[in-house]
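Below: the structure, in structure tokens.
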Amino acid sequence: MLLVLVRRVGNMVPTLAAVIALIFVLFSVIPGSFMSGLGDDGRTMDPAVMERMRKEMGLDQPLLERFVKYAGATLVGDLGTSFRTREPVTKLIAGRLWPSLKLTMAAMLVAMAIGIPLGFVAALRPGSLVDTVSMVGAVSGLSLPKFWLGLLLMYFFALQLKWLPSFGYGDGGLTHLILPAIALGVSPLALLARTTRAAVLDVLNADFVRTARSKGMSERRVVTWHVMRNALVLVVTTVGLQFGSLMGQAVVVEKLFSWPGLGSLLVDSVFQRDIPAVQGCILVFVLFFLVINTLVDLAYVAIDPRIRYG
Amino acid sequence: MKKLMWLTAVAVAVVGFGAAEAQQTPQTQTPRKGGTVRMTAPYGGSLTSLDIHTSPRAQDDIAGKILHRTLYNWDSAKAQPALELAKEVAVSGDGMVYTYKLLDNAYFHNGRRMTADDIIWSYTRIMDPTKGFPGARYVRFIKGAVDVEKGAAKEISGLRKIDDFTVEMTLAERVNPGLLFFVGVTAILPKEEVEKGNFNSNPVGLGPFKFVEHVPGSRLVTERWEKFYKPGKPYADKVIVLIMGEAAARDVAFRNKEIDTSILGPVQYVAYMADPVLSKGILEVAEMFTRSMVMNQASIKPFQDKRVRQAINHAIDAELIVKRLAKDKAYRAASWLPSSSPAFDKAMKPYAFDPEKAKKLLAEAGYPNGFEFEWTTSPNESWGLPIVEAVLPMLNRVGIKAKPKLIETTVLTETAMKGTFEAYIGSNVTGPDSLATLKCFHSKTPRTACNYTAFNNAEFDKTLDAAGQAADPEKQLELIRTANAILYDEAPVWFFNYNKAVMAYQPWLHGLQANPTELAHQYPEELWVDERSPVK
Amino acid sequence: MRLGANTWIGGGLFAVALAVAVTAPWIALTDPVMDANLLNAELPPSREFPFGTDAQGRDIYSRVVYGAQISLTVGVVSQIANSIIGVTLGLTAGYWGGWWDDFVNGLTNVMLAIPSLIFALAIMAILGPGLVSLLIALGLTNWSYSCRIARAQALSLKSQGYVQAARILGYGPFRIMFTQLLPNMLGPIIVIATLGMGGTILAEAALSFLGLGIRPPFPSWGSMLSDARETIAVAPWVSIFPGLAIFLTVLGLNLLGDGLRDIFDPQATTRRA
Numbered sequence: 000m001l002l003v004l005v006r007r008v009g010n011m012v013p014t015l016a017a018v019i020a021l022i023f024v025l026f027s028v029i030p031g032s033f034m035s036g037l038g039d040d041g042r043t044m045d046p047a048v049m050e051r052m053r054k055e056m057g058l059d060q061p062l063l064e065r066f067v068k069y070a071g072a073t074l075v076g077d078l079g080t081s082f083r084t085r086e087p088v089t090k091l092i093a094g095r096l097w098p099s100l101k102l103t104m105a106a107m108l109v110a111m112a113i114g115i116p117l118g119f120v121a122a123l124r125p126g127s128l129v130d131t132v133s134m135v136g137a138v139s140g141l142s143l144p145k146f147w148l149g150l151l152l153m154y155f156f157a158l159q160l161k162w163l164p165s166f167g168y169g170d171g172g173l174t175h176l177i178l179p180a181i182a183l184g185v186s187p188l189a190l191l192a193r194t195t196r197a198a199v200l201d202v203l204n205a206d207f208v209r210t211a212r213s214k215g216m217s218e219r220r221v222v223t224w225h226v227m228r229n230a231l232v233l234v235v236t237t238v239g240l241q242f243g244s245l246m247g248q249a250v251v252v253e254k255l256f257s258w259p260g261l262g263s264l265l266v267d268s269v270f271q272r273d274i275p276a277v278q279g280c281i282l283v284f285v286l287f288f289l290v291i292n293t294l295v296d297l298a299y300v301a302i303d304p305r306i307r308y309g
Numbered sequence: 000m001k002k003l004m005w006l007t008a009v010a011v012a013v014v015g016f017g018a019a020e021a022q023q024t025p026q027t028q029t030p031r032k033g034g035t036v037r038m039t040a041p042y043g044g045s046l047t048s049l050d051i052h053t054s055p056r057a058q059d060d061i062a063g064k065i066l067h068r069t070l071y072n073w074d075s076a077k078a079q080p081a082l083e084l085a086k087e088v089a090v091s092g093d094g095m096v097y098t099y100k101l102l103d104n105a106y107f108h109n110g111r112r113m114t115a116d117d118i119i120w121s122y123t124r125i126m127d128p129t130k131g132f133p134g135a136r137y138v139r140f141i142k143g144a145v146d147v148e149k150g151a152a153k154e155i156s157g158l159r160k161i162d163d164f165t166v167e168m169t170l171a172e173r174v175n176p177g178l179l180f181f182v183g184v185t186a187i188l189p190k191e192e193v194e195k196g197n198f199n200s201n202p203v204g205l206g207p208f209k210f211v212e213h214v215p216g217s218r219l220v221t222e223r224w225e226k227f228y229k230p231g232k233p234y235a236d237k238v239i240v241l242i243m244g245e246a247a248a249r250d251v252a253f254r255n256k257e258i259d260t261s262i263l264g265p266v267q268y269v270a271y272m273a274d275p276v277l278s279k280g281i282l283e284v285a286e287m288f289t290r291s292m293v294m295n296q297a298s299i300k301p302f303q304d305k306r307v308r309q310a311i312n313h314a315i316d317a318e319l320i321v322k323r324l325a326k327d328k329a330y331r332a333a334s335w336l337p338s339s340s341p342a343f344d345k346a347m348k349p350y351a352f353d354p355e356k357a358k359k360l361l362a363e364a365g366y367p368n369g370f371e372f373e374w375t376t377s378p379n380e381s382w383g384l385p386i387v388e389a390v391l392p393m394l395n396r397v398g399i400k401a402k403p404k405l406i407e408t409t410v411l412t413e414t415a416m417k418g419t420f421e422a423y424i425g426s427n428v429t430g431p432d433s434l435a436t437l438k439c440f441h442s443k444t445p446r447t448a449c450n451y452t453a454f455n456n457a458e459f460d461k462t463l464d465a466a467g468q469a470a471d472p473e474k475q476l477e478l479i480r481t482a483n484a485i486l487y488d489e490a491p492v493w494f495f496n497y498n499k500a501v502m503a504y505q506p507w508l509h510g511l512q513a514n515p516t517e518l519a520h521q522y523p524e525e526l527w528v529d530e531r532s533p534v535k
Numbered sequence: 000m001r002l003g004a005n006t007w008i009g010g011g012l013f014a015v016a017l018a019v020a021v022t023a024p025w026i027a028l029t030d031p032v033m034d035a036n037l038l039n040a041e042l043p044p045s046r047e048f049p050f051g052t053d054a055q056g057r058d059i060y061s062r063v064v065y066g067a068q069i070s071l072t073v074g075v076v077s078q079i080a081n082s083i084i085g086v087t088l089g090l091t092a093g094y095w096g097g098w099w100d101d102f103v104n105g106l107t108n109v110m111l112a113i114p115s116l117i118f119a120l121a122i123m124a125i126l127g128p129g130l131v132s133l134l135i136a137l138g139l140t141n142w143s144y145s146c147r148i149a150r151a152q153a154l155s156l157k158s159q160g161y162v163q164a165a166r167i168l169g170y171g172p173f174r175i176m177f178t179q180l181l182p183n184m185l186g187p188i189i190v191i192a193t194l195g196m197g198g199t200i201l202a203e204a205a206l207s208f209l210g211l212g213i214r215p216p217f218p219s220w221g222s223m224l225s226d227a228r229e230t231i232a233v234a235p236w237v238s239i240f241p242g243l244a245i246f247l248t249v250l251g252l253n254l255l256g257d258g259l260r261d262i263f264d265p266q267a268t269t270r271r272a
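Chains as they are written, first to last, in numbering that gives the first Met the number 0: chain A, 0 to 309; chain B, 0 to 535; chain C, 0 to 272.
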């Protein structure tokens, strides 16, 4: 098991390095700069000041030199200084990490709590009304633009019914989390429902289940023991993959609900050309994705002993 | 008998006066001490920095006005700058030397008293040659500041400490320092706190409220600074700034009474004005921004002809756009200077909507079938893409084919400074210093500074130079007015509008100032909430 | 769901969207750009304006109809680009193996690790808003799935008898790949492409929402939705119809993809009982 872990972590490193390099190059050729973004609403920036800012941020040095410095610094955990706040990027990110995690986990929870049972029930009664309705609902959930859904939720539940607050983080409590979590969670919910249904169906018709049935095992035991354990593999994989990419997908929802997470930080930083912050955020997203994937792989091995890596 | 009549008269007068005052009571309430004011920061998703020297953004100065202080404040009632950190100022005969007698009871939030050293240190820091502090463009007007900026001197020679509470400032050019040093980026900061290195997380200033916590992207919490130098102020116990960049989200929050102020966008402006309850709590101010389509005379030939530029002004029904698209949340522009400028000529009429005249002018200039041009724009809803989309059909009708080119706002500024555009639509600050504003059209002003139209008119230059020299303020105003009129005739831009800032406020909030430099910049020591505030 | 229902319904919805896009100049009522009359701003649906008007006074029905052109072009062309890139890389990687396989694998890992919306955002920021930029940005982001599938198929198919026979006959590697292997893996590729198209249409909407979408003034459903954000309380029809258009088209593509998967790949784990 340890060997597998080491191998997986080892696989992460070159990917991470390539991502860092790619992102660095991409954002060094982007037009517009931080300084020109400061003149918002027509307040002109003084050219001499802009030039000094350029020097201060090291943007006048050649590309290769900057990259080497950046890569070297990243290795020791120094992600640079944000152009906007003049503080370390790590600090900027640390302040926004928890809200993002919270939102992603809440969305995943919503997806799992509703999606998995839904898929399960649909699989146990294939072709029934429940099955049809849930699957149509699932496909619809996958076809909705996230922010349109978020907007509808906001106006219906916040403005019309006044049950929930419409924006922001609040004091970190549950009420502010609900609407964004639903908006973000509908898509993985739909996917999980479909995947669970398919996985369960697959297993229900597999040979060893028929064997168990013919042996006279009660339906309930059949379902709970064999089906769940085998369907679990696919479900866990899906949960993992979804979770890994969910943080990146949360960008739009965060922007809509003014949720102070990494996604909205990233978008703001891109528009304001705060390059170190952009690079830092993307790094975190990628790291998150890779770590979750590795954990999923390990869980895969743990759940299904038949799968071993040579 | 006479005595009785006299007493009766007095009694009647007192009663009458008392009755009158009772009717007036709603307006003359005494400010209540206590409570929490919940403001909003509407210009983006975050506050970039609490070290106000580093950021010129309007968003950050909302916090700047709460935590920090500048030498002057903007007096909205008198429409001019007013001394804030000084008791009095003596001006030399030639208007170049200002001697300030500073307040001796101004304390930083760490308990230390402000002295002349702080003024000098702050302004010197701003001229640091290794950093790009936006305030440099203002402090540069002090004699010797340029040397510090170039690295040739360590101190500003024009700033002299006379004693702990007296500082003498010698200017390099004759300007009104009030117009320079009320701007947030010239705030007076405490050296020892800044040098600790974590000033952005622990800002310490002279403002009426001191820092409690900042949740990035969400809110800033501050509480009353007991040692603030204005007696009895601030009234509120706490001021919270909620960061909400989306107008629609602010709308919902305001209606739910979760926030006390909200800058309104055009859509909400209409809705709130139509609502019998909400319309009572609306503050409107004519701000000092001019929105226009800038035509680059160094790009395509048609723009070099005055008649073409005038034709464009006649072809577009700006009135309709202001009414329908901007929902009347703007004032039709006549020339470059906004209506809030003292030099604004109220008799000046904006260009009339006259497509026939436009076609005639175009034909005269040699373009009877119109021409094409590329129109660069940002996505901005007030002076960007939506305006362009509304104008396209209007220009089309007189034969001018405009091709929109959408770019991001950061790229827009770069494009303007580099001159890589034919026409672009944008917003420009046009106040409070009208003379400085018009300098942008002086032929000697480089494009990178702000002469984006490549404007070059000898008569204009002459008039503006004379205005700069004029010692008599009335004469100066007259000359500025004349220069503005020349701009009207030459039409270097399509004059679109001056903006109207609108803020909705809850009925329990009092003390808001109609600040034309930026409505969202409120001096919080004047704000107070009565018992109806839902936050105890 | 019975086999085939997905394909019919999904295919039908998508066909309607395509038909609308193709016949736009004829079925639209007005010019989507020039027929803007501010006096008609934000009118509710009526006989003259079946879907109402937007803030500029333009007929929403006509803009939705023309918007189909842009949104579908973006969806279809980007996805084709994705598939071409993905299949070429995956096919060659699976067939040749060796360092090329390692390289493609590494590249795929990198692309899968970076959130696709963010990558597209970065490219849009570099290239500036516009249709071509959008096609490039979206075309470069989602090729990983096609690549993985193509590679897996190539790996499993290359040891088949007919491939060996072709090699003995002297066919060159490219000829083998594109005439022998490719036709046999078209099924899953098409399924992924169909499902991917829905994703690119949604991605275009998201990018427009963030402000980096299509170049104006031609309408796309995503940019219409983004514009409508402010007016949803006052004029909800401005956002309902473009949103509905996106939803129905993407739904159609998803159903169609499901149906095609049932046809092409009966062994797939998402089959119906």
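Glycine included, each C-beta is placed from N, C-alpha and C at the ideal position.
Residue i (DSSP reduced to helix, strand or coil)
i	result
B:T24	In this prediction, B:T24 has a pLDDT of 35, which is less than 50 and means its spatial position is unreliable; what the coordinates show is noted afterwards. Note: B:T24 maps to coil in three-state DSSP.
C:M33	coil
A:H175	helix
B:W507	coil
Distance CB(residue i)-CB(residue j) smaller than 8 Å
i	j	result
B:M168	B:L158	yes
A:I19	A:L282	yes
C:S70	C:E203	yes
A:F156	A:L255	no
B:A361	B:V307	Correcting the residue identity first, residue 361 of chain B is Leu in this sequence and not Ala. Yes.
B:S377	B:A325	no
Cβ shell of residue i (< 7 Å), same chain only, five flanking positions each side left out
i	result
B:G63	I51, G183 and A186
B:Y137	L179, F180, V182 and T185
C:L211	L120, M123, A124 and P128
B:L277	Y271 and A503
C:T269	Only weak support is given to the placement of C:T269: the predicted model assigns it a pLDDT of 42, under 50, and the question is left unresolved by the model.
B:W73	P80, F181, N514 and T516
The ligand ZN heavy atom lying under 7 Å from the CB of residue i
i	result
A:R193	Of ligands this structure carries none, so the ligand ZN is not represented either.
Nonlocal neighbours in the same chain, by C-beta distance under 6 Å from residue i, ignoring five residues either side
i	result
B:N498	E286, F288 and A329
A:F82	F33, M56 and D273
C:L88	V103 and C146
Same chain, Cβ closer than 8 Å to residue i, five either side skipped, listed in chain order
i	result
B:A484	S334, D344 and M347
Worksheet item: Which ranges does the alpha helix (DSSP H) cover as unbroken runs of at least 4 residues, wholly within the stretch 237 to 281 of chain B, from first to last along the chain?
Response: You should have 246 to 254 and 265 to 273.
Fill in: Minimum length 3: unbroken beta strand (DSSP E) runs contained in the stretch 347 to 391 of chain B
Fully contained in the stretch 347 to 391 of chain B are the following beta strand (DSSP E) runs of length 3 or more, in chain order: 371 to 376.
Worksheet item: Looking at chain C, which residues of the stretch 58 to 83 of chain A have a Cβ within less than 8 Å of any of its Cβ atoms?
Response: For the stretch 58 to 83 of chain A, no residue has a beta-carbon sitting nearer than 8 Å to a beta-carbon of chain C.
Fill in: chain A contacts made by the stretch 199 to 217 of chain C, where a contact means CB separation under 8 Å
Cβ contacts with chain A: L201, A204, A205, F208, L209 and G210.
Worksheet item: Mind listing which residues of the stretch 43 to 56 of chain B have their C-beta closer than 8 Å to chain A's C-betas, in chain order?
Response: Residues G43, G44, S45, T47, S48, D50, T53, S54, P55 and R56.
Worksheet item: If contact means a Cβ-Cβ distance below 9 Å, which residues of the stretch 410 to 442 of chain B contact chain A?
Response: Hits within the stretch, in order: V410, L411, T412, E413, T414, A415, M416, G425, S426, N427, V428, T429 and C439.
Item to complete: Mind listing, in chain order, the continuous beta strand (DSSP E) runs of no fewer than 3 residues lying wholly within the stretch 193 to 239 of chain B?
Response: Qualifying beta strand (DSSP E) stretches, in chain order: 208 to 214 and 218 to 223.
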